[in-house]
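Chains as they are written, first to last, in my numbering: chain A, 82 to 418; chain B, 82 to 418; chain C, 82 to 418; chain D, 82 to 418. The structure appears right after this line, and notes come after that.
Number of protein chains: 4
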Amino acid sequence: MSETLRVAVIGAGRMGADHIQRLSKRIHGADVAAVVDVDLGRAQAAIEGVPGAVALADAEEALNNGDVNAVLIATPGFLHEDILLKALGKDIPILCEKPLTPDAESAWKIVEAEVALGHKRIQVGFMRRFDAEYATLGSIIRNQELGELLMLHHQHRNPGTPPGFTNEMLINDSVVHEFDAIRFFTGEEITSVQVRLGKATRNAPTGQHDPQHVLIETESGVLADVEIYVNAKFGYEVATQASFEDGIVSIGGDRGAYIRSNGHWGGNVTAGFEERFGAAYDVEIQSWVDAALKGEIGGPSAWDGYATAACCEAGVEAQKNGEKVAVKLNAKPGLYE
Amino acid sequence: MSETLRVAVIGAGRMGADHIQRLSKRIHGADVAAVVDVDLGRAQAAIEGVPGAVALADAEEALNNGDVNAVLIATPGFLHEDILLKALGKDIPILCEKPLTPDAESAWKIVEAEVALGHKRIQVGFMRRFDAEYATLGSIIRNQELGELLMLHHQHRNPGTPPGFTNEMLINDSVVHEFDAIRFFTGEEITSVQVRLGKATRNAPTGQHDPQHVLIETESGVLADVEIYVNAKFGYEVATQASFEDGIVSIGGDRGAYIRSNGHWGGNVTAGFEERFGAAYDVEIQSWVDAALKGEIGGPSAWDGYATAACCEAGVEAQKNGEKVAVKLNAKPGLYE
Amino acid sequence: MSETLRVAVIGAGRMGADHIQRLSKRIHGADVAAVVDVDLGRAQAAIEGVPGAVALADAEEALNNGDVNAVLIATPGFLHEDILLKALGKDIPILCEKPLTPDAESAWKIVEAEVALGHKRIQVGFMRRFDAEYATLGSIIRNQELGELLMLHHQHRNPGTPPGFTNEMLINDSVVHEFDAIRFFTGEEITSVQVRLGKATRNAPTGQHDPQHVLIETESGVLADVEIYVNAKFGYEVATQASFEDGIVSIGGDRGAYIRSNGHWGGNVTAGFEERFGAAYDVEIQSWVDAALKGEIGGPSAWDGYATAACCEAGVEAQKNGEKVAVKLNAKPGLYE
Amino acid sequence: MSETLRVAVIGAGRMGADHIQRLSKRIHGADVAAVVDVDLGRAQAAIEGVPGAVALADAEEALNNGDVNAVLIATPGFLHEDILLKALGKDIPILCEKPLTPDAESAWKIVEAEVALGHKRIQVGFMRRFDAEYATLGSIIRNQELGELLMLHHQHRNPGTPPGFTNEMLINDSVVHEFDAIRFFTGEEITSVQVRLGKATRNAPTGQHDPQHVLIETESGVLADVEIYVNAKFGYEVATQASFEDGIVSIGGDRGAYIRSNGHWGGNVTAGFEERFGAAYDVEIQSWVDAALKGEIGGPSAWDGYATAACCEAGVEAQKNGEKVAVKLNAKPGLYE
């Protein structure tokens, strides 16, 4: 493979624009070759100050561009399936923002297409796996430093939600991260999901029941739960507490300068996910670039995208019926072992 | 009432002995008049260095002793009912260690007897209500300083369990504290209890499934849960995190000297409940003594004892059937409003 | 000695009134027999709700009262010498608020009078020795758990100062606590004191140069320093960080509920010394009462009062001349070994 | 200027090798063109896996290489002067690891040469200025968010020292960072330095007196001090506490996963400066690359290098004589205003 990834970024919205900066300013070994957005003006704005990049309105045109040898997909999830299949057809490295696709059926199609191709090309954007604290906790679990992992308690809190954020998106866009994190920590698939709805905040937009309490079980019986609270106002927090046979580990506390004034001690709460996970995004993209230059992938696979899509499907059903809903998974293709 | 409480302490075991020291050495306005234990030798040992106290083997004899004008019950719970009824018959101040009685039916008999007496004489030993951090969180909730309370997440962890600690005692002896705390924080009764059993630690004695995840709802829909983990080895922890509309409050973190050496930072974990709640016990007993000298009670009432007994009954049933079990309560007598 | 201390409290100001509450409501084994204040009305107000206590305007009258068998001195420091000598003449237990006296010469007279009496009767009110965190750090030092102690860094911060608080009182009333703490931690006498004056806050009253940086050495060469800052506004803090050969220990961080709201995390700063050291005062007084009932003292002695008075004298001189000032001590009488 | 910096790295030791990785793997806009080391084998080892780089034994040869358009100097400090003067002669961007040179006289020669050149080419490697927490504290000071800055207390602790680390290097290699940080925070020059030597650890190599307490004053009278302790064993710590008129700010606490097990709570201490400041190094180098591509510098200047060299000279003299030593500075050339 060539020495430098020439990346087509599909989607020039918030995440896409962020990744364009990263690839063109901070990531060694990659450049932005093309930016695609159905809003061509947005694509053109995104390539300002990015030498050598072209703005396009059509993803297929970008994939056919001879200067492009990799693709990063940052469109809304419902557009992923088509682009993924076309990019797999080109057999080039693909970094696809989560979710792989919005439902298990379409995610499974992607898995089948990649299995047919015969080697892994898709990496899914579960960037928490690249966060230093997640890595530390994952290592404590895998090495059984504190005996067996027994329980996982997750808190996922956002200050507020953007317009159009629906009740199902609490599962599909937010808890999907914990679905992957639990799978990453335990190395097991999730077997059931249940959702408790209780007292709701006055600060949620119509249609959202917020917070929700999501109950999760894994293959070996690890009990996990997620307090998802997306209009929590105070700030951003993604924290986990793991109970082991021989100890307790917590990650995700606040950081930085500690100030005492006017009868109060403390600091500033993390404002959002960019502040919390900005460095992890850099590590994620660099990891993908480094692996892609060797013809490999460097993180979560299409299988991970498919399995979390199945969790989300169960989660949304559990949101509605209040029952424990089993997660249904096809047999895992050998490509992903 | 006289200027000084002359207290008969019933039960000279771990808690009884602790209360004898407290009443005779640290609490102003009270003295120990009698110590009762079926093991008379243990009662005699307990009064060494306690001037003016007598050792007895029979609780009724103590209640009939003219020098006694108050009673503190620290026997195992199954012995409480008989002593409580006799002490109510004497119409003297009673401090009864939790649980009031081990089941809702017998607890209700105590409530009926006190209602018949016409004034409150029984205070139940839910001493967390006297802990400074519990008081702070309770005040934030009551004053709605951060808007409505939405969720409560509790962690209750012990390093290990004494011989004879059964699976039901995880609910009846441990979670009973959270049942009362949730009632204290919310000012509401608990309406249902559910128990999740997952992966269990190798460190639990035969017969105990540890940890357990207890799911609780209150009248207004506040979702609470308790991670009860009684063979957690690392130390003792009782912590709560409350989610509000406008913020998050945590209590129960570790304290004291902060040490850095040998590549590690941190401190010593609280060793047990005496270390964590010793000062709260002092405040509790002092509060009872002060109120008793005025003919009142200064803390949790027999109604609180009864209501938590009903929660425990639902909890033990939920432990067995894995379902959500409704908590059944009789109508609240006017005496307790 | 009798079973109960009948205490004359001399001085019914802020500290005196606080001790009257403690002795009459919370301390087992002691009662208030008399309250003395030159302002008789203040003494009379102080004994309201204190059964069996008399209000007096003259300390000598209290000491001659047959109902009095102990004395607690809480007047301003310049009045201590006369009362101490008279109380020593009665040979009764004495708890004297710090400073013992305001200067080394008068403090030495007290030491000589007690040595002539032949047994220790005076305990000085350095109540930090009874604080749990101070006790922990003291124990780590004495047991050499982290090797030799090398340096001590102290922060002493008050939100503001009462009217009449002079520049010398930064040393005599505030740093005097660190003088005793350093002596307590190291078990050594202080050999020199130096004071650095730099940029001053606009929030200090005229005449005070605030903050000041006090440099201290002990017999074995331990370097200590104190950041004294008495108009620090944000709250109250008394913290120490000790550097050892094998680690670092910090005490005095903030406590209690941890709140996150509105983009900020943290808690409430301790408001003042009563909040920080209230429990230590209780332990101190109880320790004195328990020892006094056996004819002993239970804490800092007149020697400790004298030695810190000598430190203060050196400190005030160092404030003025900017030089390192040696601390001069008489030979230690055998009574205090 | 060309689109990419082609950097000659002079010195392939610990820091040089680290910067080679950074420039060739993580920094966008720069590549390593040459690596110079008197030990040619070390230079050759350092360019393995660095495409397009040559290994050389002579710095002048690298500067004359047509492929080189920038230089990063990472040799021991005593070699800096000669290379700096030659690189200034080439008028190319220079990043020079601290110290600029080891003494004020030679540092002043560099300043004079750059002034003669007429524009700033030298950036000095004070990378703390690029650390997020330092930036936060600096911003609080500059914006006077908490009123005037009054005092700065610094702790600088290393687990141990490499072979050959002399007593003077506690000042010249370690405290030099605080000299620059104090200048950066206050925007003022340092006017005097004093050093206290007290009890020393058994863990220091012969010739080092460790710890030392360094007392510093700035132009406006801010009192700063540094506890320098380079054989502290427990780990690495660089912390600062700033006292303002209206509050206190602390930076530099430990981070990461919080673990409770076996009666202890806490986490892992930072192991060394790479772990603590690795991200700051990346930001520093990227800042230098970005500015260099525009013909500017992006951080501390040769003046900063000279002024801290003067502080170090005063500090080493103060180490020896125990007195307060004035810092002597030439007038600041207009180039650096």
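Backbone N, C-alpha and C fix where the C-beta goes; we use that ideal spot for every residue, glycine too. In this text, all values refer to a predicted model and were calculated from it rather than measured experimentally.
Where residue i and residue j are concerned, what is the direct C-alpha to C-alpha distance, given to the nearest angstrom?
i, j, result
"residue 298 of chain D", "residue 392 of chain D", "11 Å"
"residue 347 of chain A", "residue 345 of chain C", "7 Å"
"residue 96 of chain D", "residue 306 of chain A", "45 Å"
"residue 277 of chain B", "residue 321 of chain A", "19 Å"
"residue 308 of chain C", "residue 280 of chain D", "20 Å"
"residue 236 of chain B", "residue 258 of chain B", "11 Å"
"residue 82 of chain B", "residue 349 of chain C", "Here the model assigns residue 82 of chain B a pLDDT of 39, short of 50, so the residue's position is not dependable, and the following value carries that caveat. Using only the alpha carbons, I get a separation of about 41 Å."
"residue 181 of chain C", "residue 264 of chain C", "16 Å"
"residue 411 of chain B", "residue 317 of chain A", "43 Å"
"residue 381 of chain B", "residue 341 of chain C", "30 Å"
"residue 102 of chain A", "residue 260 of chain A", "28 Å"
"residue 176 of chain A", "residue 326 of chain D", "51 Å"
"residue 146 of chain D", "residue 379 of chain D", "25 Å"
"residue 422 of chain D", "residue 184 of chain C", "Nothing about residue 422 of chain D can be reported from this structure: the residues present for chain D run from 82 to 418 only."
"residue 395 of chain D", "residue 254 of chain D", "14 Å"
"residue 134 of chain B", "residue 87 of chain B", "9 Å"
For a contact defined as C-beta to C-beta under 9 Å, what are the partners of residue i on chain D?
i, result
"residue 348 of chain B", "345, 346, 347"
"residue 360 of chain A", "360"
Who are the neighbours of residue i on chain C, taking C-beta pairs under 7 Å?
i, result
"residue 109 of chain B", "106, 107, 108, 109"
"residue 292 of chain D", "231, 232, 324"
If residue i and residue j are in contact, beta carbons under 8 Å, what's the gap, nearest whole angstrom?
i, j, result
"residue 143 of chain C", "residue 118 of chain C", "Contact doesn't hold; Cβ gap of about 10 Å is too wide."
Listing by chain order, which chain A residues have their CB less than 9 Å from the CB of residue i?
i, result
"residue 135 of chain D", "Simply none; closest approach about 18 Å."
Spell out the partners DSSP gives residue i in its beta bridges.
i, result
"residue 321 of chain D", "D/235, D/332"
"residue 310 of chain B", "B/238"
"residue 345 of chain D", "B/349, D/342"
"residue 102 of chain A", "Paired residue(s): none; residue 102 of chain A is not in a bridge."
"residue 136 of chain C", "C/116"
"residue 298 of chain B", "B/273, B/304"
"residue 87 of chain C", "C/112"
"residue 177 of chain B", "B/154, B/205"
"residue 230 of chain B", "B/325"
Taking residue i as the query, report the chain D residues whose CB atoms sit under 7 Å from its CB, ordered along the chain.
i, result
"residue 341 of chain B", "315, 316, 350"
Could you tell me which chain A residues have their CB closer than 8 Å to the CB of residue i, listed as they occur along the chain?
i, result
"residue 282 of chain B", "228, 229, 231, 326"
"residue 301 of chain B", "280"
"residue 329 of chain B", "238, 313, 315, 318"
Sorted by chain position, which residues of the same chain lie with C-beta nearer than 6 Å to residue i's C-beta, five sequence neighbours on each side aside?
i, result
"residue 405 of chain C", "273, 275"
"residue 76 of chain A", "Nothing about residue 76 of chain A can be reported from this structure: the residues present for chain A run from 82 to 418 only."
"residue 296 of chain C", "275, 306"
"residue 399 of chain A", "274, 275, 276, 406"
"residue 140 of chain A", "91, 117, 164"
Which same chain residues, not among the five before or five after residue i, have their C-beta less than 8 Å away from its C-beta?
i, result
"residue 199 of chain B", "416"
"residue 333 of chain D", "214, 236, 318, 319, 320, 321"
"residue 301 of chain B", "267, 269"
Just to make sure I have the definition right: I need the residues of chain C whose C-beta is within less than 8 Å of the C-beta of residue i. Which are they?
i, result
"residue 222 of chain B", "Simply none; closest approach about 11 Å."
Which chain C residues are close to residue i, counting only those with a beta carbon under 9 Å from its beta carbon?
i, result
"residue 164 of chain D", "Within chain C, no residue comes near residue 164 of chain D; the closest Cβ sits about 38 Å away, beyond 9 Å."
Along chain B, in chain order, which residues have C-beta atoms closer than 9 Å to that of residue i?
i, result
"residue 270 of chain A", "Near residue 270 of chain A there are no residues of chain B at all, since even the closest Cβ is about 15 Å away, more than 9 Å."
Regarding residue i and the ligand COA, is the C-beta to nearest heavy atom distance less than 7 Å?
i, result
"residue 388 of chain A", "Questions concerning the ligand COA fall outside what the structure shown contains, since it holds no ligand whatsoever."
Whose Cβ in chain D lies nearer than 8 Å to the Cβ of residue i?
i, result
"residue 264 of chain C", "Result: empty, since nearest Cβ-Cβ is about 16 Å, beyond 8 Å."
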